[in-house]
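There are 2 protein chains.
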Amino acid sequence: MVKAEERVEHNSESAVFDLTSYLKQRKSLVEEALDRSLPVSKPEKIYEAMRYSLLAGGKRLRPILCLATCELAGGTIAMAMPTACALEMIHTMSLIHDDLPAMDNDDYRRGKLTNHKVYGEDIAILAGDGLLAYAFEYVAAATQNVPPQQVVKVLARLGRTVSAAGLVGGQVLDLESEGKTDIAAETLTLIHTLKTGALLETAVVSGAILAGAGAEDVAKLSRYAQKIGLAFQIVDDILDITATKEELGKTAGKDLEAQKVTYPSLWGIEESKAQAQELVDGAIAELESYGELAEPLRAIAQYIVSRKN
Amino acid sequence: MVKAEERVEHNSESAVFDLTSYLKQRKSLVEEALDRSLPVSKPEKIYEAMRYSLLAGGKRLRPILCLATCELAGGTIAMAMPTACALEMIHTMSLIHDDLPAMDNDDYRRGKLTNHKVYGEDIAILAGDGLLAYAFEYVAAATQNVPPQQVVKVLARLGRTVSAAGLVGGQVLDLESEGKTDIAAETLTLIHTLKTGALLETAVVSGAILAGAGAEDVAKLSRYAQKIGLAFQIVDDILDITATKEELGKTAGKDLEAQKVTYPSLWGIEESKAQAQELVDGAIAELESYGELAEPLRAIAQYIVSRKN
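Chains as they are written, first to last, in my numbering: chain A, 262 to 570; chain B, 262 to 570.
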């Protein structure tokens, strides 16, 4: 764990770095790129369904992280933008499929009706499939000024992140744990690592790979990502209890109602908060060697524990 | 259309080339590679569901075509095998999702219960997602001795083939045409081009790209593939009427029962057979410059019209 003095120092650095403006500007860049990435074509219905969920807002944290690490490692925003968009396509696909009646059966997402409630189950399944496939096409076809072996590396990681060794495996474990009240913290962490952490880690690492980062930097950034990924999930569990539906843009208190095992249910809210803070401090410690260049990544880590939705 | 004398000549060449042994040997190579490509890991259930459909047999025509064009263009079987496996993962994924209750609602496929009938809808959706993602990972991570820019090209094509510009778009048009009895031949062909033709074309073309084939060869092989792809679909429609359930390994007469517009319903059986033969002759004509090297591709084209299932 990072010592208190260091934390204060980072906090004061973060105060200098204007994260709100940074996130707003980056989010706007990403939204524009996403809009351009998927123009409507025939058959219109499926493109509209894909765009409905892809352009439904959200924090765009994965693309923003990808762009940030690409810059940190000496690359440009342009080099990483197709991958940044692909990360959001993959994330959106996982939300569309998770919300289906055969899965979590959710009616609302980000304050809007879920994809299958608007377009029907058949189109929602296909919209997810289409987004997933297009994510790979887009990275392979639209990435420019990056050596092709680095593009291949990123595509391999993206694939692994969605596969049974990542998102899909995590969702299976999550479905299996439903209704069980004896889930251990280790199992909960494994589910979240696969379902949420893996994609965050790939977001962070792929930006660095595109910029040509070496193994040591990739390893440091991986550890940073693993820590903020888990902190993110702990905070999500806390917010499900403490935030309102308006703040979340989705049904609050859902975990409690479903008697789902969460970090607060295992550790209590205070201890969960402390664990999240410790992870974020650890994540920030991984960035020490980068100096000011890593300011966005430090501020994002702090934001993850302080966010209200 | 190719003249009758030429057709006879090709037929006699095919008699010299032992297609049955060739397909048997290649199918066995592909089956072994598929089995090795996806070992069971945790969570076992999802790997078992993926393997259940991936290893359920079938003609393995797409991987066999990919290996054949890679060899034709001067490459090796080893260079193309990961892509060959990926093509079958993608094909399998599209079958699993098409069979879902929200889509075509099929109980049997290749004489076995469909994936969701065995594992449930949730796992079937995830097994499809997992196979799709893994297909890209496998090509990116397992392809060896191929320049990375060629691997990137293949990945871009694979993505496009599944996306809303390919399989997914075709399935949407297919769902939209359900119950309609006024579908024109052009619409029917567009649906099949997207749903079936695109993946066959990618199978053929990706083998050549991996081997480093130039634009002219890729164009010739694309036309070959488009023609056999459409012929394949016409023959499928004919077999749905003329073959038995035992021959097909799936419900026969389904199109008639669903009052689906098919080539035989538009053109009659005899004209449909003639059109399929004309396409196959045209496909074979594209291969003229390759001499004996293209013998497998010629024999496969002939097989497509003469097959019984």
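Note that beta-carbon positions come from the ideal geometry of N, C-alpha and C, so glycine has one too.
Remember, predicted model here, so these are calculated numbers, not experimental data.
For residue i, go through chain A and note every residue whose CB falls closer than 9 Å to its CB, in chain order.
i, result
"B/Ser302", "Ala425, Ala426, Gly430"
"B/Glu398", "Leu416, Ala417, Arg418, Leu419, Gly420, Arg421, Thr422, Val423, Ser424, Ala426"
Give the C-beta separation of residue i and residue j to the nearest angstrom, bearing in mind that I take them to be a contact with Cβ-Cβ under 8 Å.
i, j, result
"A/Ser483", "A/Glu462", "6 Å"
"A/Val415", "B/Val412", "In fact, because the Cβ distance is near 12 Å, the residues do not count as touching under 8 Å."
"A/Val291", "A/Pro343", "The pair is not a contact, with the Cβ atoms about 12 Å apart (cut-off 8 Å)."
"B/Leu361", "B/Ile386", "7 Å"
"A/Ile489", "A/Ala544", "5 Å"
"A/Arg418", "A/Val496", "Their Cβ separation, rounded to whole angstroms, is 25 Å, which puts A/Arg418 and A/Val496 out of contact at 8 Å."
"B/Ala446", "B/Leu374", "Not confirmed; about 34 Å, so no contact."
"B/Leu491", "B/Thr523", "13 Å between Cβ atoms; not a contact."
"B/Gly318", "B/Arg370", "Not really, about 10 Å apart at Cβ, beyond 8 Å."
"B/Ala555", "B/Leu280", "Rounded, the Cβ-Cβ distance is 13 Å, inconsistent with contact."
Which residues of chain A have a Cβ atom closer than 7 Å to the Cβ of residue i, listed in chain order?
i, result
"B/His358", "Ile386, Asp390"
"B/Glu382", "Ala363"
"B/Leu436", "Asp383"
"B/Val413", "Ala401, Pro409, Val412, Val413"
For residue i, go through chain A and note every residue whose CB falls closer than 8 Å to its CB, in chain order.
i, result
"B/Gln410", "Pro409"
"B/Ala402", "Ala417, Gly420, Arg421"
Give me the Cα-Cα distance between residue i and residue j, rounded to the nearest whole angstrom.
i, j, result
"B/Ile565", "B/Ala388", "30 Å"
"B/Lys288", "B/Val465", "16 Å"
"B/Leu393", "A/Val423", "9 Å"
"B/Val301", "A/Ile357", "27 Å"
"A/Met262", "A/Val541", "Any reading at A/Met262 must be qualified, since the residue scores a pLDDT of 41, below 50, and its modelled position is unreliable; the value itself is stated next. Going by the C-alpha atoms only, they are around 9 Å apart."
"A/Ala329", "A/Ile499", "27 Å"
"B/Leu517", "B/Ile502", "8 Å"
"A/Asp478", "B/Leu455", "43 Å"
"A/His271", "A/Tyr399", "Low per-residue confidence applies at A/His271: pLDDT is 47, beneath 50, and the placement is therefore not dependable enough to give any value."
"B/Lys515", "B/Asp367", "10 Å"
"B/Lys285", "B/Cys327", "15 Å"
"B/Ala562", "B/Glu508", "20 Å"
"B/Gly473", "B/Gly336", "8 Å"
"B/Thr245", "B/Ala396", "Since the first and last residues shown for chain B are 262 and 570, residue 245 of chain B lies out of range."
"B/Asp390", "B/Val277", "43 Å"
"B/Gln407", "B/Cys331", "Note that residue 407 of chain B is Val in the sequence shown here, rather than Gln. Distance between the alpha carbons of B/Val407 and B/Cys331 is about 11 Å."
"A/Met364", "B/Lys306", "16 Å"
"A/Leu333", "A/Ser550", "11 Å"
"A/Asp359", "B/Arg297", "29 Å"
"A/Ile452", "A/Leu299", "31 Å"
"B/His352", "A/Ala294", "30 Å"
"B/Asp443", "A/Val379", "27 Å"
"B/Pro525", "B/Thr448", "15 Å"
"A/Thr431", "A/Ala425", "Looking at the sequence provided, one finds Gly at residue 431 of chain A rather than Thr. Going by the C-alpha atoms only, they are around 8 Å apart."
Ends of the alpha helix (DSSP H) at residue i?
i, result
"A/Asp296", "280-298"
"B/Leu353", "Checking the displayed sequence, the identity of residue 353 of chain B turns out to be Thr instead of Leu. Run containing B/Thr353: 338-359, per the alpha helix (DSSP H) assignment."
"B/Lys569", "No alpha helix (DSSP H) holds B/Lys569; DSSP gives it neither H nor E."
"A/Asp516", "515-518"
"A/Asn376", "376-380"
"B/Ile307", "305-315"
"A/Ala426", "First-last for A/Ala426: undefined, no H or E at that position."
"B/Pro324", "322-333"
"A/Ser526", "524-528"
"A/Gly468", "459-471"
"B/Lys481", "476-503"
"B/Ala446", "446-453"
Using only CA atoms, which one of the options lies nearest to residue i?
i, options, result
"B/Arg224", "B/Phe397, B/Tyr485, B/Glu349", "What is shown of chain B runs 262 to 570, which leaves residue 224 of chain B out entirely."
"A/Ile338", "A/Asp360, A/Leu460, A/Gly468, A/Met354", "A/Gly468"
"A/Thr404", "A/Ala341, A/Gly391, A/Ala486, A/Leu322", "A/Ala341"
"B/Pro304", "A/Val429, A/Val407, A/Ala535, A/Glu309", "A/Val429"
"A/Ala459", "A/Asp443, A/Arg421, A/Ser314, A/Thr448", "A/Arg421"
"A/Thr457", "A/Ala476, A/Gly475, A/Ala486", "A/Ala486"
"A/His377", "A/Val277, A/Glu309, A/Gly552", "A/Glu309"
"B/Phe493", "B/Ala537, B/Glu547, B/Val433", "B/Ala537"
"B/Ala401", "B/Glu549, B/Cys346, B/Gly440, B/Gly529", "B/Cys346"
"A/Leu572", "A/Arg297, A/Leu322, A/Leu295, A/Ala317", "With chain A covering 262 to 570 only, the question about residue 572 of chain A has no answer from this structure."
"A/Gln520", "A/Gly552, A/Lys481, A/Ser533, A/Lys441", "A/Lys441"
"A/Glu547", "A/Ala480, A/His352, A/Lys534", "A/Ala480"
"A/Asn570", "A/Ala294, A/Ile530, A/Lys320", "A/Lys320"
"B/Ser355", "B/Val379, B/Leu315, B/Gly381", "B/Leu315"
Nearer than 7 Å: is that true of the beta carbon of residue i relative to any heavy atom of the ligand NAD?
i, result
"B/Glu305", "This structure lacks the ligand NAD; in fact it carries no ligand of any kind."
Cβ closer than 8 Å: which chain B residues qualify as neighbours of residue i?
i, result
"A/Ile470", "In chain order: nothing, as chain B lies at least about 12 Å away."
"A/Met311", "Ala425"
"A/Val466", "Here the premise fails: no neighbours, minimum Cβ distance about 15 Å."
Along chain B, which residues have their Cβ under 7 Å away from the Cβ of residue i?
i, result
"A/Ile307", "Ala425, Val429, Gly430, Val433"
"A/Leu393", "Asp390, Leu393, Ala394"
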